[in-house]
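Below is one structure, written out as C-alpha cells, with a few remarks after it.
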Amino acid sequence: MSQLSKTEQVLREMKQYNIDILALSEIRWKGVGQETLDHGYVLLYSGEDNHHQAGVGLMMSPAAYRTMLKWTPINERILFARFATTHTKLSVIVCYAPTNEADDDVKDSFYETLQAVTKDIPKHDVLCVVGDLNAKVGADRKYCPEVLGPHGLGQINENGALLVDFALSNDLVVGGTLFEHKNVHKYTWTSPDGKA
1 MSQLSKTEQV LREMKQYNID ILALSEIRWK GVGQETLDHG YVLLYSGEDN HHQAGVGLMM
61 SPAAYRTMLK WTPINERILF ARFATTHTKL SVIVCYAPTN EADDDVKDSF YETLQAVTKD
121 IPKHDVLCVV GDLNAKVGAD RKYCPEVLGP HGLGQINENG ALLVDFALSN DLVVGGTLFE
181 HKNVHKYTWT SPDGKA
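Numbering (the UniProt record's numbering), first residue to last: 1 to 196.
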C-alpha cells in the first residue's frame, strides 16, 4: 500500500465488511503520521524515514477514532494504539516482523522491542497483537497447547517459535489457530517454489 490512492480500495473493503479497526503491514510509507481520509476515516502510520520499506498502519472508522485514547509509533515495524470501549480498554499493537531468513539479531531486536511495548500496557486492558508476524506455528499443539489452538498448519519455523515464546510469556494465544478454516485460508503467502 505504498500510495495514498490505494487507501481508497482498503477503505471500500472496510466499509463493505463493516470493519472499524484494520491493521496494515508493509505499507511502505515514509516517516510517521496521520491522514484523514474520505468520510472521516483515519490512517495512522509508522515507517522508515528514508526508504519505502516495511511500515505499519492502523486504519479506523470515525467511531473508532473517537474512542482512541492515544497512539504511539514505535518504529517502522511496530505501532501501538489504545482505545476506550464500553467495559474496558483495548490495546492494539500492529506488527510487521522480519522474515524467517532475516539475521537473528534483527529478529531478536524486533521481539525485544515488542516485549518492551507489551510490558507497558496496563494488565486490565484487552491486548491484541496483530499484523504480519512472518511465522508458521505449525499444526502440532504438543509444542505449546496453552498458546496454540487445534487448527495450525504445517511445521513450526524459527519465527513461529519466537512468536509462541512471546505469546507464552504474555499470556496470549495465537488466534489464527483457534478456529477451523480451509487450508488455503490458513496462510497469507506461499514461496515461489511452493515449499513455504
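For glycine and all other residues, C-beta sits at the position ideal for the given N, C-alpha and C. Note that this is a predicted model, so its numbers are computed, not measured.
- Nearest to His151 by C-alpha distance, out of Ala135, His181, Tyr65 and Asn134, is His181.
- Fewer than three pairs of CB atoms, one per stretch, sit closer than 8 Å, so the region 33-51 makes no contact with the region 105-112.
- Contact between the region 117-130 and the region 142-149 is absent, with fewer than three C-beta pairs closer than 8 Å.
- In this structure Val126 is exposed. Its beta-carbon is surrounded by fewer than 16 other beta-carbon atoms within 10 angstroms.
- With 16 or more other Cβ atoms inside 10 Å of its own Cβ, Arg77 counts as buried.
- Here the alpha carbons of Gly40 and Ala54 stand approximately 26 Å from one another.
- DSSP places Asp132 in the strand class (E or B) of the three-state scheme.
- Secondary structure note for Pro62: its alpha helix (DSSP H) is the uninterrupted segment Pro62 to Thr67.
- Taking 8 Å as the cut-off, the Cβ atoms of Val130 and Val92 count as close.
- Cβ-Cβ separation between Leu58 and Ala23: approximately 6 Å, consistent with a contact (criterion under 8 Å).
- Under the 10 Å beta carbon count, Thr36 is surrounded by fewer than 16 other beta carbons and is classified as exposed.
- Lys70 and Asp20 have their alpha carbons spaced roughly 16 Å apart.
- Residue environment analysis places Asn134 among the buried positions, since at least 16 neighbouring C-beta atoms fall within 10 angstroms of its C-beta.
- In this structure, Pro62 lies away from Val32, with their beta-carbon atoms at least 8 Å apart.
- For Glu101, the closest of Thr88, Asp132 and Asn157 by C-alpha to C-alpha distance is Asn157.
- In the DSSP assignment, Phe179 falls outside any beta strand (DSSP E), carrying neither H nor E.
- Of the candidates Gln34, His87, Val173 and Asp38, the residue whose Cα lies closest to the Cα of Leu79 is Gln34.
- Leaving aside the five residues that flank Tyr143 on each side, the residues in its chain whose CB is nearer than 7 Å to its CB run, in chain order, Ile156 and Val164.
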